[in-house]
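Chains as they are written, first to last, in the working numbering: chain A, 1 to 318; chain B, 319 to 662; chain C, 663 to 968. Okay, structure first, notes after.
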C-alpha cells in the first residue's frame with residue numbers, strides 16, 4: 001500500500017475561454033494534499049469550481065496551469081506516457097445517476113466497460129467478474145441484462161460506483177455522489193462508500209455542497225469559493241473553529257434538524273448572490289459579499305497562510 | 319367546523335393512468351391547515367407530496383391524472399367540484415403556489431414588473447398605476463434594493479436566487495390566504511436557501527398567510543414549520559407539531575429519517591443507520607403499511623392491513639401497529655428517541 | 663376498507679422475504695418500448711399497414727399481371743377503368759394498373775435509396791463535425807450553410823441538367839444536397855451526447871474515439887435521424903414527380919409515378935383517370951410516411967414514462 005501523499009495539487013488553474021476577451025476562471029489557484037487512504041472533503045456552493053476541479057484532476061479537462069502530482073510523480077495528461085502510467089488509477093463517481101449511465105447499454109456492459117476497452121476479460125470469466133462487482137455494491141446477477149431506466153436512483157448510483165471500482169483504482173473522486181438521491185437512500189450509499197474504503201483502502205476526494213455529509217466522511221476539509229480555497233483544515237477543527245468569514249457564513253446557513261436550535265439561531269445572512277466567475281475582479285473573491293470587507297480585500301488576493309498548525313486560511317482580516 | 323381551519327383535505331385519492339397501469343400516487347390522505355400556520359410536508363420521491371399539493375389547486379394534468387375520491391374544503395367551502403373558472407379565481411387570488419423552478423411561474427418574454435402587475439390587476443379592481451406601485455412595494459419587501467430598476471428587467475437578467483424572490487413576490491402580490499411552496503429551496507445553494515427561508519417567514523408574518531411547505535429536508539422543516547406531516551408512498555404515516563416530530567417521534571419511518579442524517583459528533587467509524595431497501599412501486603401498492611418491507615419491526619398484521627389511526631394529542635397522531643395492545647413491546651423506543659434528540 | 667379480525671397471532675414479527683432490490687417489471691429495451699408505443703397509436707399503425715400493402719402490391723402486381731408495363735395494344739387506347747384494365751389504359755394502350763405498380767417500385771426505390779445515402783452521408787459528415795469540434799466543425803458547418811442557401815429543388819434541377827436521365831442520376835441528384843439536413847441534426851445530437859457524464863466516464867477509461875462513437879454516440883443519436891429519414895422519402899418521391907413534370911424525369915417507356923402523373927396531367931380534362939391514380943398513390947404514400955414519421959417521433963420521446 002502506498003504511503004505518503006496520494007495526490008498533491010499545486011496552484012491549479014483551469015480557465016475557459018467563453019467569448020471575446022471573456023475568461024471564465026473556474027479554478028483559480030487551488031493547492032492541497034491528500035494522504036493515501038484518507039478522505040478530503042471539498043465544500044462549496046454552486047459555481048465555486050469544485051466540479052471543474054474534480055474533472056481537471058481526473059483528466060477530463062486540460063489544466064491551464066499548475067501541477068498535479070500523483071504518488072510523488074508529476075502528471076501531464078497531454079503526455080501519452082504519463083497518461084499510460086496513470087492508467088485507470090484515478091476514477092470518478094458522478095452526481096447525476098440518470099445521466100451517468102448510457103441508457104442504451106445493459107448494466108453488465110456498463111460495469112464491464114473498463115475491461116472491454118482494455119480487452120481484459122472474456123466469456124465466462126467476464127460474467128463472473130461482473131457478478132462479483134454487482135454483489136460488491138449490493139446488487140445481484142439478475143440485474144446484468146437490465147437497462148438503467150429500470151432502476152431507482154440509488155441503484156443507478158451503485159452501478160456507477162461498481163463501474164468506477166472495476167479497474168482497481170487508488171484515488172476516487174466523488175463528485176456530489178448523493179445529492180440527487182432521497183435522504184433514506186443517501187445513508188445507504190454513504191455506508192457503501194465507507195465500507196469499500198475500509199475494504200480496499202481507497203483515497204477519496206469527496207466533493208459536495210452538503211456540509212453535514214462532508215463533516216461525517218472527511219478527514220480534512222477544503223472550503224472553496226469562486227475557484228479559490230478560502231480555508232483548509234482538519235475536519236473537526238474546521239467545524240468547531242472556522243476562521244474564514246465565508247466558512248462561518250456557510251456553516252451557519254445549514255439548517256439543522258432540530259427545531260429548538262434552528263428557530264432560535266441567528267443565521268448570518270449574505271447580501272446578494274454569488275458573482276460571476278467570468279473576468280472576476282481583483283482581490284479576494286469574497287470581498288463583494290464579506291461582512292468584514294476592507295479596502296485591501298478589493299485590491300490584493302489573500303494568500304493561503306497557515307494560521308494554526310495544519311489550519312490554513314486565505315484572509316487579510318485575521 | 320373549526321373557524322381556525324382554512325383548508326381541509328379529506329380522503330384524497332389521486333392516480334395517474336400510464337401505459338403500464340394505474341399509478342396510485344395519493345391513497346387516502348387527510349389533513350388540515352390552520353390560519354397563519356406553517357405546515358411542513360416531508361416525503362421522499364414517490365411519497366405523493368407534490369401531487370397532493372397540486373390537487374388542492376387542481377394543477378395536476380388531468381389526463382393522465384385522475385381525481386378518484388376525496389373532498390377539499392377551503393375556508394369552509396367545498397371546492398372539490400368547482401368549475402374551471404371558479405378554480406382559476408381561487409388560484410388567482412386565494413391560493414398561490416411557488417415551485418422549485420421559478421421559470422414555471424415566470425414568463426421569459428415579459429418584464430418581471432409587468433407580470434406581477436398583471437396578476438394584481440386580474441385579482442381585483444385597482445388602477446394600473448396603483449398596481450404598479452404595489453409591485454414596486456412588494457419587490458422592495460422581498461429584498462430587492464432597487465425595485466424600480468428590477469421592475470423593468472426580464473427574468474433572464476435575474477440570478478437564480480433573484481428569480482426565486484421574484485416568484486415569491488408574484489405569489490404574494492395578491493395577498494393570498496394560502497401559499498403552497500413546493501420544494502422552493504431544493505435547487506438553491508445553502509446561503510441562498512437561508513435567505514429565501516427567512517423571506518418566506520417574514521412574508522408569512524407580515525401578511526398572516528398560511529403556508530404549506532413541501533420538502534425532503536428535515537432541516538428546512540425544523541427551521542420554518544409549526545406542524546409537520548410525514549408522507550410515504552401516497553399515505554400519511556405520522557403528523558404532529560414540529561417538536562413532537564423531532565423530539566417524540568413515534569413512527570419507525572420517522573425514526574429512520576432522523577437517524578439517517580449524520581449526527582453532530584459522528585464520524586465515519588460508525589456507519590449511518592440507513593433504512594434498507596427503496597420506496598415501493600406505486601403500480602401495485604401493498605395492502606398493508608407501505609413501509610413494511612423496510613421496517614425493522616414488521617409484524618404479520620402490518621403486511622395484511624394498513625394501521626388504524628393512533629392519537630397522542632389533538633395534533634400528534636400516526637399510523638402504526640407497534641403500539642397496539644397486542645403488539646410486543648419495543649425495548650428500545652426510549653433509547654431511540656433519546657439518541658435522536660441528544661445528537662441531532 | 664375491510665376490517666380484519668385483530669387476533670393475537672397477527673402481532674408476530676415477520677420480515678418480508680421479498681428482495682429489497684428486486685425489479686418486478688419485465689425488461690424492455692429502448693426499441694421494444696418505443697415499438698410498443700408505436701403499436702398503440704392506431705392511426706400510425708393504419709398508415710404503416712397501408713404502406714406494407716403498397717410495397718406488397720409493388721412487388722407482386724408486375725409479376726402476376728397479364729400485362730407488361732411497356733406492352734402496347736393499339737386496340738385499347740385511352741380506355742376508362744374496367745375489369746380488364748383496373749386503372750384504364752394510356753394513349754399507347756398500356757395497362758395503367760401495372761404501370762402504376764411498376765412505377766411504385768421505381769418511386770419507392772428512389773425514395774428509399776435517397777434516404778440511405780442521405781442518412782449515410784449525413785451521419786458521417788455531421789458526426790465528424792460535431793465530434794471533432796473546434797475550427798474543423800466551424801468550417802464544415804459554413805460549407806453546409808452555403809449549400810443550404812440555394813434551395814434544394816434548384817440544386818436537383820441543375821444536377822439533372824448536367825446528368826443524363828435515369829434512376830441513379832435522380833437518386834444522386836436528390837441525395838447530393840439532401841444530406842445536409844441529416845448532418846445538422848446528427849451534429850446537434852453528437853454535441854449534446856459528447857457532454858454527458860457516461861461519455862466522460864468512458865474517457866476516464868481512456869476509450870478511443872471510435873469506441874465512444876460506436877458505443878455511445880450512435881445508439882443514442884439514431885432516433886432523430888430515423889425520424890428525419892422517414893420524412894426524406896416522401897420528399898424524394900415528390901422531387902422525382904416534380905422532375906417529370908418539367909421534363910427532367912425518367913424517360914419513357916419507363917414508368918414512375920412522376921412521369922405517369924405528368925403524362926396524365928396533359929390530358930386531365932379528357933381522361934382524368936390517367937392523372938387520378940398516380941396522384942392518388944403519390945398522395946397516399948407521402949401521407950403515410952409523414953404519419954409514420956410523426957408516430958416515430960412520439961414513440962421515441964416518452965413524455966410520461968414512469
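Idealized CB from N, CA, C, for every residue including glycine. Quick caveat: nothing in here was measured; it's all calculated off a predicted structure.
**Request:** Verify the CB distance criterion: does residue 327 (chain B) have a CB-CB separation below 7 Å to chain C?
**Result:** As a working mapping, residue 327 (chain B) is identified with position 9 in the second chain. Taking Cβ atoms only, chain C never reaches closer than 7 Å to residue 327 (chain B), which makes this a no.
**Request:** Reducing DSSP to helix, strand and coil, say where residue 508 (chain B) ends up.
**Result:** Within the second chain, residue 508 (chain B) is the residue found at index 190, counting from 1. Of the three classes helix, strand and coil, the one that applies to residue 508 (chain B) here is helix, per DSSP.
**Message:** Counting only C-beta atoms, is residue 505 (chain B) closer than 7 Å to chain C at any point?
**Reply:** Mapped onto the second chain, residue 505 (chain B) falls at position 187. No, no contact with chain C.
**Request:** Pair every Cβ in the segment 875 to 884 of chain C with every Cβ in the segment 813 to 827 of chain C, then say whether three or more of these pairs are closer than 8 Å.
**Result:** no
**Asked** Can residue 321 (chain B) and residue 528 (chain B) be called in contact, C-beta distance under 7 Å?
**Response** Along the second chain, one-based indexing puts residue 321 (chain B) at 3. Along the second chain, one-based indexing puts residue 528 (chain B) at 210. Not in contact: residue 321 (chain B) and residue 528 (chain B) (Cβ atoms no closer than 7 Å).
**Item:** Distance between residue 711 (chain C) and residue 704 (chain C) (C-alpha atoms, nearest Å)
**Value:** The residue given as residue 704 (chain C) occupies position 42 in the third chain. The residue given as residue 711 (chain C) occupies position 49 in the third chain. Distance between the alpha carbons of residue 704 (chain C) and residue 711 (chain C) is about 10 Å.
**Message:** Given a cut-off of 7 Å on the beta-carbon distance, is the pair residue 324 (chain B) and residue 393 (chain B) in contact?
**Reply:** Position 6 of the second chain, counted from the first residue, corresponds to residue 324 (chain B). Position 75 of the second chain, counted from the first residue, corresponds to residue 393 (chain B). Taking 7 Å as the Cβ cut-off, residue 324 (chain B) and residue 393 (chain B) qualify as a contacting pair.
**Request:** Go through its chain and collect everything with a Cβ distance to residue 706 (chain C)'s Cβ below 7 Å, but skip five positions before and after it.
**Result:** Here residue 706 (chain C) refers to the residue found at position 44 of the third chain. Contacts found: 700, 953, 954 and 957.
**Request:** Consider the Cβ of residue 513 (chain B): report whether some Cβ of chain A lies at a distance smaller than 7 Å.
**Result:** One-based indexing of the second chain puts residue 513 (chain B) at position 195. Interface residue, yes.
**Asked** the segment 846 to 861 of chain C: which residues have C-beta closer than 7 Å to a C-beta of chain A, in chain order?
**Response** 858, 859 and 860
**Prompt:** From residue 38 (chain A) to residue 894 (chain C), what distance separates their C-alpha atoms?
**Reply:** As a working mapping, residue 38 (chain A) is identified with position 38 in the first chain. As a working mapping, residue 894 (chain C) is identified with position 232 in the third chain. Looking at the two C-alpha atoms, the distance is approximately 58 Å.
**Asked** residue 867 (chain C) CB to nearest chain A CB: under 7 Å?
**Response** Counted from its first residue, the third chain places residue 867 (chain C) at position 205. Chain A contact via Cβ: present.
**Prompt:** Does the separation of the CB atoms of residue 32 (chain A) and residue 161 (chain A) fall below 7 Å?
**Reply:** For the purposes of this step, residue 32 (chain A) is identified with residue 32 of the first chain, where counting begins at 1. For the purposes of this step, residue 161 (chain A) is identified with residue 161 of the first chain, where counting begins at 1. Cβ distance not < 7 Å, so residue 32 (chain A) and residue 161 (chain A) don't count as in contact.
**Request:** Under the assumption that residue 238 (chain A) contacts residue 247 (chain A) (Cβ atoms under 8 Å), give the Cβ distance between them as a whole number of angstroms.
**Result:** Locating residue 238 (chain A) in the first chain gives position 238, counting from the first residue. Locating residue 247 (chain A) in the first chain gives position 247, counting from the first residue. Rounded, the Cβ-Cβ distance is 7 Å, consistent with contact.
**Asked** CB residue 754 (chain C) to CB residue 733 (chain C), shorter than 7 Å?
**Response** Taking the third chain and counting its residues from 1, one reaches residue 754 (chain C) at position 92. Taking the third chain and counting its residues from 1, one reaches residue 733 (chain C) at position 71. Taking 7 Å as the Cβ cut-off, residue 754 (chain C) and residue 733 (chain C) do not qualify as a contacting pair.
**Request:** Could you tell me whether any Cβ in chain A is nearer than 7 Å to the Cβ of residue 362 (chain B)?
**Result:** The residue given as residue 362 (chain B) occupies position 44 in the second chain. So yes, residue 362 (chain B) belongs to the interface.
**Message:** Spatial neighbours of residue 20 (chain A) within its chain, please: C-beta separation below 8 Å, excluding the five flanking residues on both sides.
**Reply:** Taking the first residue of the first chain as position 1, residue 20 (chain A) is located at position 20. Here the set comprises nothing.
**Asked** Between residue 959 (chain C) and the rest of its own chain, which residues show a CB-CB distance below 6 Å, the 5 nearest in sequence each way excluded?
**Response** As a working mapping, residue 959 (chain C) is identified with position 297 in the third chain. Around residue 959 (chain C): 889.
**Asked** Are the C-beta of residue 329 (chain A) and some C-beta of chain C separated by less than 7 Å?
**Response** In the structure displayed, chain A extends from 1 to 318; residue 329 (chain A) sits before or after that span and is not available.
**Message:** Is it buried or exposed, residue 404 (chain B), if we count other Cβ atoms within 10 angstroms and call 16 or more buried?
**Reply:** In the second chain, counting from the first residue as 1, residue 404 (chain B) sits at position 86. Residue 404 (chain B) is exposed by the Cβ-count criterion.
**Request:** Look up residue 545 (chain B) in the DSSP assignment and give the residues it is bridged to.
**Result:** Taking the second chain and counting its residues from 1, one reaches residue 545 (chain B) at position 227. Note: residue 545 (chain B) sits in a beta bridge opposite B:357 and B:559.
**Request:** Specify, as a first and last residue, the run of the beta strand (DSSP E) that residue 799 (chain C) falls within.
**Result:** For the purposes of this step, residue 799 (chain C) is taken as the residue at position 137 of the third chain. Careful: residue 799 (chain C) lies outside any beta strand (DSSP E), inside the alpha helix (DSSP H) at 796 to 811.
**Outcome for residue 698 (chain C) when other beta-carbon atoms lying within 10 angstroms are tallied against a minimum of 16** = What you label residue 698 (chain C) is simply residue 36 of the third chain in a count that begins at 1. By the neighbour-count rule (16 or more Cβ atoms within 10 Å), residue 698 (chain C) is not buried but exposed.
**Message:** Just list the residues that DSSP pairs residue 497 (chain B) with in beta bridges.
**Reply:** Taking the second chain and counting its residues from 1, one reaches residue 497 (chain B) at position 179. BP columns for residue 497 (chain B) point to B:414 and B:529.
**Asked** Buried or exposed: residue 244 (chain A), going by 16 or more other Cβ atoms within 10 Å of its Cβ?
**Response** As a first step, residue 244 (chain A) must be located in the first chain, where it is residue number 244. Per the 10 Å Cβ criterion, buried.
**Request:** Look at the Cβ atom of residue 561 (chain B), then the Cβ atom of residue 259 (chain A), and state whether they are nearer than 7 Å.
**Result:** Residue mapping note: residue 561 (chain B) aligns to position 243 of the second chain, counting from 1. Residue mapping note: residue 259 (chain A) aligns to position 259 of the first chain, counting from 1. Contact: yes.
**Prompt:** Name the chain A residues whose beta carbon is nearer than 9 Å to that of residue 881 (chain C)?
**Reply:** Within the third chain, numbered from 1, the residue matching residue 881 (chain C) stands at position 219. What residue 881 (chain C) touches in chain A: 102, 103, 104 and 105.
**Residue closest to residue 234 (chain A), alpha-carbon to alpha-carbon, out of A:154, A:218, A:177 and A:59** = Taking the first chain and counting its residues from 1, the one referred to as residue 234 (chain A) is at position 234. Ranking the options by Cα distance to residue 234 (chain A), first place goes to A:218.
**Request:** Mind listing, in chain order, the continuous alpha helix (DSSP H) runs of no fewer than 4 residues lying wholly within the segment 70 to 105 of chain A?
**Result:** 80 to 86
**Request:** Please determine if the segment 477 to 493 of chain B and the segment 504 to 511 of chain B are in contact, where contact requires at least 3 C-beta pairs separated by less than 8 Å.
**Result:** yes
**Prompt:** In or out: residue 459 (chain B) buried (at least 16 other Cβ within 10 Å) or exposed?
**Reply:** To locate residue 459 (chain B), count along the second chain from 1; it is residue 141. Burial call: buried.
**Prompt:** Starting from residue 380 (chain B) and walking both ways along the beta strand (DSSP E), at which residues does that stretch end?
**Reply:** Start at 1 with the first residue of the second chain, and residue 380 (chain B) comes out as number 62. Unbroken run through residue 380 (chain B): none, as it is neither H nor E.
**Request:** Using a Cβ cut-off of 8 Å, pull out every chain B residue sitting near residue 209 (chain A), in sequence order please.
**Result:** Against the first chain, residue 209 (chain A) aligns to sequence position 209. Going along chain B in sequence order, the residues near residue 209 (chain A) (Cβ under 8 Å) are 507 and 508.
**Asked** What residues match up with residue 207 (chain A) in a beta bridge as DSSP calls it?
**Response** Walking along the first chain from the start, residue 207 (chain A) turns up at place 207. In DSSP, residue 207 (chain A) forms a bridge with A:42 and A:175.
**Prompt:** Any beta-carbon of chain B closer than 7 Å to the one on residue 893 (chain C)?
**Reply:** In the third chain, residue 893 (chain C) corresponds to position 231, counting from 1. No, because no Cβ of chain B sits closer than 7 Å to the Cβ of residue 893 (chain C).
**Prompt:** Are the C-beta of residue 876 (chain C) and some C-beta of chain A separated by less than 7 Å?
**Reply:** Within the third chain, the letter at position 214 stands for residue 876 (chain C). Answer no: the Cβ-Cβ gap between residue 876 (chain C) and chain A never drops below 7 Å.
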